[in-house]
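*Asks:*
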Amino acid sequence: MTNSVLPALIFMIGGFLIPFFKGRAKSVYMMFIPLVGFVNLINIPLGDHFLMNFSDFKLVLLHIDRLGLLFGYIYHIIALITVIYILNFKNDVEYVAGFFYAGAALGAVLAGDLFSFFIFWEMLTIGSVMLIWARKTKSSQAAGLRYLLVHAFGGLVLLAGIVLHYTETGSLEMLKLTLSGPGSYLIFLGIGINCAWPVLHPWLTDAYPEATIGGTVFLSAFTTKTAVYALARLFPGTEALIWIGVAMAAFPIFYAVIENDLRRVLAYSLINQVGFMVVGIGIGTELAINGACAHAFNDILFKGLLFMSMGAVMYRTGKINATDLGGLYKSMPWTALFCCVGAASISAFPLFSGFVSKSMVMEAAASGSHLMGQKSYVVVWLVLLFASAGVFHHAGIKIPFFAFFGHDAGHRVKEAPLNMLIAMGIAAFLCIFIGTYPKPLYDLLPFPVDYHPYTISHVLSQTELLFFSALAFTLLLLSGIYPAEMRALNVDADWIYRKSGKALYHAFDGILNPLNAWCDRVVRGTASRTAYFFKDAGAKISLFVAVNIWLLAGYRDQRLEIKKKKLYNDILHGTLPAGIGAAVTITFIFLVYVLI
Amino acid sequence: MKPHKDKKELMELKHDAVPGYRGVFSVVFTLSLLYMAFILFQPCF
Numbered sequence: 001m002t003n004s005v006l007p008a009l010i011f012m013i014g015g016f017l018i019p020f021f022k023g024r025a026k027s028v029y030m031m032f033i034p035l036v037g038f039v040n041l042i043n044i045p046l047g048d049h050f051l052m053n054f055s056d057f058k059l060v061l062l063h064i065d066r067l068g069l070l071f072g073y074i075y076h077i078i079a080l081i082t083v084i085y086i087l088n089f090k091n092d093v094e095y096v097a098g099f100f101y102a103g104a105a106l107g108a109v110l111a112g113d114l115f116s117f118f119i120f121w122e123m124l125t126i127g128s129v130m131l132i133w134a135r136k137t138k139s140s141q142a143a144g145l146r147y148l149l150v151h152a153f154g155g156l157v158l159l160a161g162i163v164l165h166y167t168e169t170g171s172l173e174m175l176k177l178t179l180s181g182p183g184s185y186l187i188f189l190g191i192g193i194n195c196a197w198p199v200l201h202p203w204l205t206d207a208y209p210e211a212t213i214g215g216t217v218f219l220s221a222f223t224t225k226t227a228v229y230a231l232a233r234l235f236p237g238t239e240a241l242i243w244i245g246v247a248m249a250a251f252p253i254f255y256a257v258i259e260n261d262l263r264r265v266l267a268y269s270l271i272n273q274v275g276f277m278v279v280g281i282g283i284g285t286e287l288a289i290n291g292a293c294a295h296a297f298n299d300i301l302f303k304g305l306l307f308m309s310m311g312a313v314m315y316r317t318g319k320i321n322a323t324d325l326g327g328l329y330k331s332m333p334w335t336a337l338f339c340c341v342g343a344a345s346i347s348a349f350p351l352f353s354g355f356v357s358k359s360m361v362m363e364a365a366a367s368g369s370h371l372m373g374q375k376s377y378v379v380v381w382l383v384l385l386f387a388s389a390g391v392f393h394h395a396g397i398k399i400p401f402f403a404f405f406g407h408d409a410g411h412r413v414k415e416a417p418l419n420m421l422i423a424m425g426i427a428a429f430l431c432i433f434i435g436t437y438p439k440p441l442y443d444l445l446p447f448p449v450d451y452h453p454y455t456i457s458h459v460l461s462q463t464e465l466l467f468f469s470a471l472a473f474t475l476l477l478l479s480g481i482y483p484a485e486m487r488a489l490n491v492d493a494d495w496i497y498r499k500s501g502k503a504l505y506h507a508f509d510g511i512l513n514p515l516n517a518w519c520d521r522v523v524r525g526t527a528s529r530t531a532y533f534f535k536d537a538g539a540k541i542s543l544f545v546a547v548n549i550w551l552l553a554g555y556r557d558q559r560l561e562i563k564k565k566k567l568y569n570d571i572l573h574g575t576l577p578a579g580i581g582a583a584v585t586i587t588f589i590f591l592v593y594v595l596i
Numbered sequence: 597m598k599p600h601k602d603k604k605e606l607m608e609l610k611h612d613a614v615p616g617y618r619g620v621f622s623v624v625f626t627l628s629l630l631y632m633a634f635i636l637f638q639p640c641f
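So the sequence lines, in the order shown, correspond to chains D and H. The numbering of the first sequence is the working numbering, which starts it at 1 and goes up by one. The numbering of the second sequence is the working numbering, which starts it at 597 and goes up by one.
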């Protein structure tokens, strides 16, 4: 047992107390929370802590090992940076939601059993939706609702998987799973939804650009990286992840190139970078897992930096579309510089952080041919190379070019506020520090590292790739072939379920509603006919018997009609002659006797 | 955020060709294709 506090609680409870502070005390208090959390975390020894009995389950709320710690450290760092970044916004909803969200992410990566992990996983959804809704625009409300629906579904899938897994194995431990039973497949899928796997990804590109300026920075750090952590913890070496990751790395490039909203470009870029991590986890060797985790660590920093720089642009100009921006380097030189650092890092330029982690994944793919087969390896390798060139093009060049350089949109605004510059400065410093001196990061990785990124072949091949990508961009632009930036809605995979949802609705409308109407008609018709029949059933049966007797007795025509009417009226009015009643009763008894 | 409503918002930002660069692009693109073909089919020679 430890004397420390559950790290998630520091953020969550600390966050809920923020509205009680005012002015400068609030700013100091907000920065204080992640610092206290960090000191708390580094003082917790390795192992299981905060054991709890819940019904028949033994829950482990805190499990400290190298994998969880790595994510725990970077979550504290990015929380501090983001808090500094949003100090001037004075939005308590955003502050509380941000801390709750960060706390949930911390809880998830430090959870020691699947049930605790699920609880924090669901809290992630609540925190992130609040960050999206905190922007208070119509589009953010709609995007937040869609986000909530997708993640509620994902959470249910995960919960179903955990329940099935528990009934199959009797264990809730966060140990490596193999894709063997329905439980493991559902857990795999549940995590995949949060990881923004292809086709399941539109929630990310839909919602992230709709969140608040600071909310997007928070969002870029936690949800997908927690999913990456979960895959690294539960499914390392699962070959399916290689192909899923390859698809993730490749397809967003095309969308990012044609996208006009620069925060949405970064959202696509986020999926692309997570693709590299997923490939690393799928390969599953120590180098690959280290590479995936190191890249997650770095991505949180440089993607956060890029989102912060775009947020600063949005804050000052009120614009975020490439069609409305350009030439801002004159007004916002520091923001432009920090954006370029983020761009160089995500592009894996030597001396920037992306280089020292992405090259680990590439190296792991290069040395993983014995795992995948030679032909598969060539495909994976080529697609990752293509994705590396693509990310330089859309995140490395497109973002800074269209925001700060390119055509001058005529915005003459102030530089970003000081707190934003400090936050971006810290992130930029860390990007360069890790890129030039990766040893501290390597020392934090889950497995011992025997890898040297700065070899001549690594540096030359990566530089060659990047410069040829730059050449391609330049020539495409100068020759007028580069696609125009347009205000348009790009059709993504959500088209499939938006359209199929509508088709399903129309199908049900066309089949079930007529069926319902037909059933209604049949039931109502049968009921009314039955009611009509039973209204004078006794009279009709009596008439049937009596008329046959009268016919035998020689009654015909008008006399018969008169007798029929009289008998019918007598029965309806309750004045049934005793003889007729006896005859009907005898007939009934006779029929029963014959039938039985 | 401070939206500047006085700025006219563009519907499309075209990238007009600079005279002469279409040819440069064609040459570089062709050479790149040939180079890539050479690399990929090198084992066949």
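Don't be surprised by glycine CBs; every beta carbon is placed ideally from N, CA and C.
1. For residue 477(D) and residue 338(D), I'd like the C-alpha separation in whole angstroms.
2. Could you tell me which of 121(D), 176(D) and 301(D) sits nearest to residue 159(D), measuring between CA atoms?
3. With distances taken between CB atoms, is the gap from residue 434(D) to residue 356(D) smaller than 8 Å?
4. Mapping the DSSP letters down to three states, classify residue 569(D) as helix, strand or coil.
5. Report the rounded CA-to-CA distance for residue 599(H) versus residue 24(D), giving the unit in angstroms.
6. Using only CA atoms, which one of 610(H), 609(H) and 624(H) lies nearest to residue 616(H)?
7. To the nearest angstrom, how far is it from the Cα of residue 466(D) to the Cα of residue 26(D)?
8. Between residue 607(H) and chain D, is the shortest Cβ-Cβ distance under 8 Å, so that the two count as touching?
9. Could you tell me which uninterrupted alpha helix (DSSP H) segments, each at least 4 residues in length, are contained entirely in the region 222-277 of chain D, listed from first to last along the chain?
10. Less than 7 Å between C-beta atoms, sequence neighbours within five positions excluded: which residues of the same chain meet that for residue 397(D)?
11. Select from 69(D), 34(D) and 301(D) the residue whose C-alpha is nearest the C-alpha of residue 443(D).
12. Give the range of the beta strand (DSSP E) segment to which residue 318(D) is assigned.
13. Could you work out which residues of chain D lie near residue 634(H), taking near to mean beta carbons separated by less than 7 Å?
14. Spatial neighbours of residue 584(D) within its chain, please: CB distance less than 7 Å, with the 5 preceding and 5 following residues excluded, ordered by chain position.
15. Once DSSP output is grouped into helix, strand and coil, what is the label at residue 561(D)?
16. Using 8 Å as the limit for Cβ to Cβ distance, is residue 617(H) near chain D?
17. Strictly under 8 Å for the Cβ-Cβ distance: is residue 621(H) near chain D by that measure?
18. Mapping DSSP to helix, strand and coil, what is residue 609(H)?
19. Could you tell me whether any Cβ in chain H is nearer than 8 Å to the Cβ of residue 484(D)?
20. Are residue 135(D) and residue 211(D) touching if we call contact CB-CB under 8 Å?
21. Could you confirm whether any beta carbon from chain H is found closer than 8 Å to the beta carbon of residue 264(D)?
22. Cα separation between residue 239(D) and residue 92(D)?
23. What residue does the alpha helix (DSSP H) around residue 151(D) start on, and which one ends it?
24. Three-state secondary structure (DSSP) at residue 597(D)?
25. Pull up the distance between the alpha-carbon of residue 597(H) and that of residue 313(D), whole angstroms please.
26. When DSSP labels each residue in this structure, what does residue 450(D) get in the three-state scheme?
27. Kindly list, in the order they appear in chain H, the residues whose Cβ is closer than 9 Å to that of residue 481(D).
28. Strictly by DSSP, which residues pair up with residue 64(D)?
29. Between 272(D), 217(D) and 202(D), which lies nearest to residue 301(D) when the distance is taken from Cα to Cα?
30. Which bits of chain H does residue 407(D) rub up against, with CB to CB less than 8 Å?
31. Taking C-beta pairs closer than 8 Å, name the residues in chain H that residue 478(D) reaches, listed in chain order.
32. Less than 8 Å between the beta carbons of residue 287(D) and residue 454(D), yes or no?
33. For residue 602(D), which option in 518(D), 552(D), 572(D) and 456(D) has the closest C-alpha, if you only look at C-alpha atoms?
34. Suppose contacts are defined by Cβ-Cβ distances below 8 Å. Is residue 131(D) in contact with residue 97(D) by that definition?
35. Alpha carbon to alpha carbon, how far is residue 209(D) from residue 133(D)? Give it in angstroms, no decimals.
*Replies:* With the given structure in hand:
1. As a first step, residue 477(D) is located in the first sequence; it is residue number 477 there, counting from the start. As a first step, residue 338(D) is located in the first sequence; it is residue number 338 there, counting from the start. The straight-line gap from Cα to Cα measures roughly 24 Å.
2. Along the first sequence, read from residue 1 onward, the residue named residue 159(D) stands at position 159. For the residues 121(D), 176(D) and 301(D), the minimum Cα distance to residue 159(D) belongs to 121(D).
3. Against the first sequence, residue 434(D) aligns to sequence position 434. Against the first sequence, residue 356(D) aligns to sequence position 356. Yes, the Cβ-Cβ distance between residue 434(D) and residue 356(D) is below 8 Å.
4. Walking along the first sequence from the start, residue 569(D) turns up at place 569. In this structure, DSSP gives residue 569(D) a helical state, which the three-state scheme calls helix.
5. To locate residue 599(H), count along the second sequence from 1; it is residue 3. To locate residue 24(D), count along the first sequence from 1; it is residue 24. Annotation note: pLDDT 48 at residue 599(H) (below 50); position unreliable, no value reported.
6. The count along the second sequence starts at 1 and reaches residue 616(H) at position 20. Checking every option, the nearest Cα to that of residue 616(H) belongs to 624(H).
7. For the purposes of this step, residue 466(D) is taken as the residue at position 466 of the first sequence. For the purposes of this step, residue 26(D) is taken as the residue at position 26 of the first sequence. Between the alpha carbons of residue 466(D) and residue 26(D) lies a gap of roughly 44 Å.
8. By 1-based counting over the second sequence, the position of residue 607(H) is 11. Closer than 8 Å to some Cβ of chain D, the Cβ of residue 607(H) qualifies, so yes.
9. Complete alpha helix (DSSP H) runs here, min 4: 239-258.
10. Indexing the first sequence from 1 puts residue 397(D) at position 397. Cβ neighbours of residue 397(D) within its own chain (closer than 7 Å, five residues either side excluded): 470 and 473.
11. Locating residue 443(D) in the first sequence gives position 443, counting from the first residue. Nearest option by C-alpha distance: 69(D).
12. Against the first sequence, residue 318(D) aligns to sequence position 318. Note, residue 318(D): premise wrong, no beta strand (DSSP E); not H, not E.
13. For the purposes of this step, residue 634(H) is taken as residue 38 along the second sequence, with counting starting at 1. Identification of chain D residues near residue 634(H) by a Cβ-Cβ cut-off of 7 Å yields none; the smallest Cβ-Cβ distance measures about 15 Å.
14. Working through the first sequence from its first residue, we reach residue 584(D) at position 584. So the qualifying residues of the chain are 541, 542 and 545.
15. As a working mapping, residue 561(D) is identified with position 561 in the first sequence. Of the three classes helix, strand and coil, the one that applies to residue 561(D) here is helix, per DSSP.
16. Translated into positions along the second sequence, residue 617(H) becomes position 21. Yes - at least one Cβ of chain D is within 8 Å of the one on residue 617(H).
17. Position 25 of the second sequence holds residue 621(H). Contact of residue 621(H) with chain D is assigned, a C-beta pair being separated by under 8 Å.
18. Here residue 609(H) refers to the residue found at position 13 when the second sequence is read from its first residue. DSSP places residue 609(H) in the strand class (E or B) of the three-state scheme.
19. As a first step, residue 484(D) is located in the first sequence; it is residue number 484 there, counting from the start. Yes, residue 484(D) lies at the interface with chain H (some Cβ there is under 8 Å from its Cβ).
20. Position 135 of the first sequence holds residue 135(D). Position 211 of the first sequence holds residue 211(D). Against a cut-off of 8 Å, the Cβ pair of residue 211(D) and residue 135(D) comes out as a contact.
21. Position 264 of the first sequence, counted from the start, is the residue given in the question as residue 264(D). It does not; no Cβ of chain H falls within 8 Å.
22. Against the first sequence, residue 239(D) aligns to sequence position 239. Against the first sequence, residue 92(D) aligns to sequence position 92. Per the coordinates, the alpha-carbon of residue 239(D) lies some 44 Å from the alpha-carbon of residue 92(D).
23. Reading the first sequence from its first residue, position 151 is the one you call residue 151(D). From DSSP, the alpha helix (DSSP H) with residue 151(D) extends over 138-169.
24. The question about residue 597(D) has no answer, for chain D in this structure spans 1 to 596.
25. Numbered from its first residue, the second sequence carries residue 597(H) at position 1. Numbered from its first residue, the first sequence carries residue 313(D) at position 313. At residue 597(H), the pLDDT of 46 sits below 50, so the modelled position is not reliable; the number obtained from the coordinates is stated separately. Each residue's CA atom was taken as its position, placing residue 597(H) and residue 313(D) some 9 Å apart.
26. For the purposes of this step, residue 450(D) is taken as the residue at position 450 of the first sequence. The answer is coil: DSSP assigns residue 450(D) none of H, G, I, E or B.
27. As a working mapping, residue 481(D) is identified with position 481 in the first sequence. Ordered by position in chain H, the residues that pass the 9 Å Cβ test against residue 481(D) are 611, 613, 618 and 621.
28. In the first sequence, the residue the question calls residue 64(D) occupies position 64. Looking at the DSSP output, residue 64(D) sits in a beta bridge with 47(D).
29. Reading the first sequence from its first residue, position 301 is the one you call residue 301(D). Residue 217(D) is the option with its Cα nearest to residue 301(D).
30. On the first sequence, residue 407(D) is found 407 positions in, with the first residue counted as 1. In chain order: 609.
31. As a first step, residue 478(D) is located in the first sequence; it is residue number 478 there, counting from the start. Residues of chain H passing the Cβ test: 613, 614, 617, 620 and 621.
32. Along the first sequence, read from residue 1 onward, the residue named residue 287(D) stands at position 287. Along the first sequence, read from residue 1 onward, the residue named residue 454(D) stands at position 454. No, these two residues do not count as a Cβ contact at 8 Å.
33. This structure gives no information on residue 602(D), because the portion of chain D shown stretches from 1 to 596.
34. Walking along the first sequence from the start, residue 131(D) turns up at place 131. Walking along the first sequence from the start, residue 97(D) turns up at place 97. If you check the CB distance, residue 131(D) and residue 97(D) come in under 8 Å.
35. The count along the first sequence starts at 1 and reaches residue 133(D) at position 133. The count along the first sequence starts at 1 and reaches residue 209(D) at position 209. Separation of residue 133(D) and residue 209(D) (C-alpha to C-alpha, rounded to the nearest whole angstrom) is 12 Å.
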